[in-house]
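Trainee:
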Amino acid sequence: MNYRDWNKALGKWLFRPEFADEEVFLAIDDETLLAAAKGFSRTSEFADAEAAGQDFVLAVRAKTRNGRNWDFPKRESSGPPECLGLLVFQVYAALSMADDEKWSAKAYWPRLKSLLGMGTGGAQYPGELDTEIQQRLWRDVLQDWLNEDDFNGGSLGVLTLPPAEGHLNIKLPLSQALLRAEDLYRLPLFFQQCNLIAGEAVSVHTLDRMYGQEFSNAQLFSRHALRVFADDKRRPAALEQVCQYLAQWDGSLVTKRHRDRARPLRVWCNYVSRRRRKRFAGGMAHRGSDGLWSRDKETSIDMALAFGGPQLPEGATYKSFYPNFKLLVWQEAFGAYLEMRAAS
Numbered sequence: 001m002n003y004r005d006w007n008k009a010l011g012k013w014l015f016r017p018e019f020a021d022e023e024v025f026l027a028i029d030d031e032t033l034l035a036a037a038k039g040f041s042r043t044s045e046f047a048d049a050e051a052a053g054q055d056f057v058l059a060v061r062a063k064t065r066n067g068r069n070w071d072f073p074k075r076e077s078s079g080p081p082e083c084l085g086l087l088v089f090q091v092y093a094a095l096s097m098a099d100d101e102k103w104s105a106k107a108y109w110p111r112l113k114s115l116l117g118m119g120t121g122g123a124q125y126p127g128e129l130d131t132e133i134q135q136r137l138w139r140d141v142l143q144d145w146l147n148e149d150d151f152n153g154g155s156l157g158v159l160t161l162p163p164a165e166g167h168l169n170i171k172l173p174l175s176q177a178l179l180r181a182e183d184l185y186r187l188p189l190f191f192q193q194c195n196l197i198a199g200e201a202v203s204v205h206t207l208d209r210m211y212g213q214e215f216s217n218a219q220l221f222s223r224h225a226l227r228v229f230a231d232d233k234r235r236p237a238a239l240e241q242v243c244q245y246l247a248q249w250d251g252s253l254v255t256k257r258h259r260d261r262a263r264p265l266r267v268w269c270n271y272v273s274r275r276r277r278k279r280f281a282g283g284m285a286h287r288g289s290d291g292l293w294s295r296d297k298e299t300s301i302d303m304a305l306a307f308g309g310p311q312l313p314e315g316a317t318y319k320s321f322y323p324n325f326k327l328l329v330w331q332e333a334f335g336a337y338l339e340m341r342a343a344s
């Protein structure tokens with residue numbers, strides 16, 4: 001994809017009628033670039049998210065002549081401003097910074113220059129991207145195009161930017177950097193810690209009120225995520241990301257190697273009563289290529305071992321005893337978490 005294609009794809013992905021009057025962010029990483037490319041054109045096929053990211057970087061390099069040219073016309077006659085891809089690229093650079101890097105001009109500008117193929121020398125902005133151009137592109141072009149009544153008037157979303165004071169240039173892209181795909185992959189560990197249920201619909205207010213203290217837990221979140229949650233401006237949008245991920249979560253966990261998702265295996269268990277003979281039956285379940293769960297061969301489970309004794313009232317069911325019972329055990333042989341839960 002060339003720069004113009006990426007610009008249109010990003011505009012279509014980031015700004016939509018369903019976001020009308022809602023705050024939008026330009027938080028983009030490799031995973032979202034891949035999704036934006038697929039949403040723009042079904043023929044835009046990349047092998048993986050990393051390939052999409054590399055293609056985006058090369059397109060911006062070509063457009064800016066390796067970072068030297070940043071001064072573009074004020075607005076397109078139709079579609080998103082021509083500078084959108086360049087501004088998204090600035091946020092992309094911020095999101096690709098290592099966890100141990102300080103968010104300062106000395107760290108950010110070299111990272112941006114490196115992605116542009118300019119080397120990493122100096123802590124100054126690249127090429128023509130001076131303060132005047134940076135402020136104009138973000139505020140007078142993109143923000144006005146989204147927010148002002150003469151253009152879209154918030155019908156595709158609303159862009160809120162920090163005040164024009166102190167660290168003028170780097171504050172703009174850093175204000176847009178929310179949770180990365182790498183941070184989202186780790187969220188199931190947080191869900192497990194808080195006993196949240198896969199697919200559960202939780203509001204931002206409820207999430208913050210009940211589990212807000214966990215968002216400062218360094219064992220659950222990266223340094224980048226901790227910075228985002230600690231920022232009053234970005235925290236609500238980041239919590240919205242968490243709520244959306246929980247609603248789409250299928251219950252699988254991640255390993256300590258964040259990108260290596262556990263294989264989706266589960267243990268199923270039913271209470272069976274036949275001719276006054278009560279027992280628990282269960283077995284392994286696996287998810288097929290069609291995404292559906294299939295039960296493997298049934299196996300009897302000793303009631304005494306399972307629940308501490310055979311004395312159960314007539315007509316009892318597994319769910320009536322343990323309606324929210326769930327057990328996750330790491331099985332080295334399978335390289336996966338096994339989950340025991342009430343059968344539906």
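In my numbering, the protein residues as written are 1 to 344. Glycine is no exception: its CB is placed at the ideal position from the N, C-alpha and C atoms.
Check the DSSP bridge columns for Ser155 and list the partner residues they point to.
Mentor: Ser155 is bridged to Gly157.
Trainee: Along the chain, which unbroken stretches of the alpha helix (DSSP H) at least 4 residues long are found entirely within the stretch 32-64?
Mentor: Correct list: 49-63.
Trainee: In whole angstroms, give me the CA-to-CA distance for Glu128 and Phe151.
Mentor: Those two C-alpha atoms are separated by around 27 Å.
Trainee: Do you know offhand how far Ala238's Cα is from Glu50's?
Mentor: Computed Cα separation, rounded: 23 Å.
Trainee: Check whether the Cβ atoms of Leu178 and Phe25 lie closer than 8 Å to each other.
Mentor: Cβ atoms of Leu178 and Phe25: closer than 8 Å.
Trainee: Suppose you measure from the CA of Lys113 to the CA of Ile197; what does that come to, to the nearest Å?
Mentor: Whole-angstrom Cα-Cα distance: 43 Å.
Trainee: Can you name, in chain order, every residue of its own chain whose Cβ lies under 7 Å from the Cβ of Ala345, other than the five neighbours on each side?
Mentor: Since the first residue shown for the chain is 1 and the last is 344, residue 345 is missing from the structure and cannot be characterised.
Trainee: Look up Glu240 in the DSSP assignment and say whether it is helix, strand or coil.
Mentor: Three-state result, Glu240: helix.
Trainee: In terms of alpha-carbon separation, which member of Ser155, Gly154, Gln176 and Gly153 lies closest to Pro162?
Mentor: Ranking the options by Cα distance to Pro162, first place goes to Gln176.
Trainee: Among residues of its own chain, excluding the 5 on either side of Phe19, which ones have a beta-carbon nearer than 7 Å to its beta-carbon?
Mentor: Here the set comprises Leu156 and Gly157.
Trainee: How many whole angstroms separate the CB atoms of Trp145 and Pro81, which I take to be in contact at a CB cut-off of 8 Å?
Mentor: Yes, they are in contact, since the Cβ atoms of Trp145 and Pro81 sit about 5 Å apart, within 8 Å.
Trainee: Thinking C-beta only, is Cys83 closer than 8 Å to Leu142?
Mentor: Contact flag set, yes.
Trainee: Terminal residues of the continuous alpha helix (DSSP H) containing Tyr211?
Mentor: Its alpha helix (DSSP H) spans residues Val204 to Tyr211.
Trainee: Please report how far the alpha carbon of Glu240 lies from the alpha carbon of Gln219, in whole angstroms.
Mentor: Straight-line Cα distance between these residues: approximately 21 Å.
Trainee: Could you tell me whether the Cβ atoms of Gly119 and Trp6 are closer together than 8 Å?
Mentor: No, these two residues do not count as a Cβ contact at 8 Å.
Trainee: Could you give the distance in angstroms between the alpha-carbon of Asn232 and the alpha-carbon of Lys171?
Mentor: Contrary to the premise, residue 232 reads as Asp rather than Asn in this sequence. Straight-line Cα distance between these residues: approximately 14 Å.
Trainee: Could you please give the first and the last residue of the uninterrupted alpha helix (DSSP H) stretch that includes Arg4?
Mentor: Run containing Arg4: Tyr3 to Leu14, per the alpha helix (DSSP H) assignment.
Trainee: So, is Asn2 buried or exposed, given that buried needs 16 or more other C-beta atoms within 10 angstroms?
Mentor: Asn2 should be labelled exposed.
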